[in-house]
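Before any comments, here is the structure.
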């Protein structure tokens, strides 16, 4: 067992912890001390009451962090749906391009070459979308992992919001690429 000395307000406490946990215990003590400092000159005569007030401040922040984590989970679920829709749209556009290619097979060789080039472009776009999807899944897993851990509650809501914003931007870019590819296919399809 290791011993760590932490200072909270005017008192210093000796805390026992497992090997390798010393730095984490010291960080947590500093967080409690920061909450204690919020009392300012309004401290009670009994230190136990002051520690209770510091704990109440931390509990309030914890409630807010949990609410932010719930909101982030809802946002992540919505992003998943948008990502799935973008993926479905890209897949449908690719299928349509392949069907158009099959129909146009009997037409002029230059038209077939154009369609093949478009299909190749769509395949490359789909591959890029798959890679982006894998990256987004990794970002999503990281965000979910952070929302499951208590230590996120002591310093993560701003990081989670930034990560969620970055994820939303990437999803928007992916959806725009899928729409652009679909529009390009619709614009190049031969008139019936």
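In the working numbering, the protein residues as written are 6 to 197.
We put the beta carbon where it would ideally sit given N, CA and C, even for glycine.
For residue 29, the enclosing alpha helix (DSSP H) starts and ends at 27-42. A residue is called buried once 16 or more other Cβ atoms fall within 10 Å of its Cβ, and residue 40 is buried on that count. When the Cα atoms are used, residue 51 and residue 66 turn out to be separated by approximately 24 Å. The continuous beta strand (DSSP E) containing residue 21 extends over residues 16-22.
For residue 75, the uninterrupted alpha helix (DSSP H) segment begins and ends at 52-108. As the crow flies, the alpha-carbon of residue 43 is around 22 Å from that of residue 29. Beta-bridge annotation (DSSP): residue 10 is paired with 19. Taken through DSSP and simplified to helix, strand or coil, residue 185 comes out as helix. Under the three-state reduction of DSSP, residue 134 is assigned to helix.
Two segments are said to touch when three or more pairs of C-beta atoms, one from each, lie closer than 8 Å; by this definition the segment 19-33 does not touch the segment 55-69. Between the alpha carbons of residue 36 and residue 68 lies a gap of roughly 16 Å. Assignment of residue 49 by DSSP, reduced to helix, strand and coil, places it in the coil class. CA-to-CA, the gap between residue 138 and residue 45 works out to about 49 Å. The straight-line gap separating the alpha-carbon atoms of residue 99 and residue 62 is approximately 55 Å.
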